[in-house]
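In the working numbering, the protein residues as written are 930 to 1017.
Structure (C-alpha cells):
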C-alpha cells in the first residue's frame, strides 16, 4: 500500500511540473524596471540569558520590505530588510 501512495504522489508532482512548464512556455515573463515586495505577519524568537526569568518563545509582529531594479532579463539587483517587534 505504501508503494502505491508514493507512486500516486510522484505522478501528481510530475503532472504539476508539466502543467507549470506548459504555462510558462505559453506566456514567458518579461523582467524590466523597478520592483518591490512587502510582507507582514507573526514572528517569534527564543532568547535566554543568565539574568532572565524563564526564557521561552516570544511572539510579535514581523515584516519585510524588498526593492530593487532589473539590470537585464536574467539579473535583478535589490535589497531586503527584515524586522521583528515585541513590546513588554
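C-beta: ideal position from N, C-alpha, C; glycine also.
This structure is a prediction, so every number in the text was calculated from the model and none was measured.
Next on the checklist: Going by DSSP in three states, residue 1000 sits in which element: helix, strand or coil?
Outcome noted: strand
Checklist entry - Since residue 941 contacts residue 972 with CB under 8 Å, what's their CB separation in whole angstroms? => result That belief does not hold up - the Cβ atoms of residue 941 and residue 972 are roughly 33 Å apart, past 8 Å.
Checklist entry - Where residue 1008 and residue 988 are concerned, what is the direct C-alpha to C-alpha distance, given to the nearest angstrom? => result 26 Å
Next on the checklist: How far does the beta strand (DSSP E) with residue 966 in it extend, from its first residue to its last?
Outcome noted: 963-975
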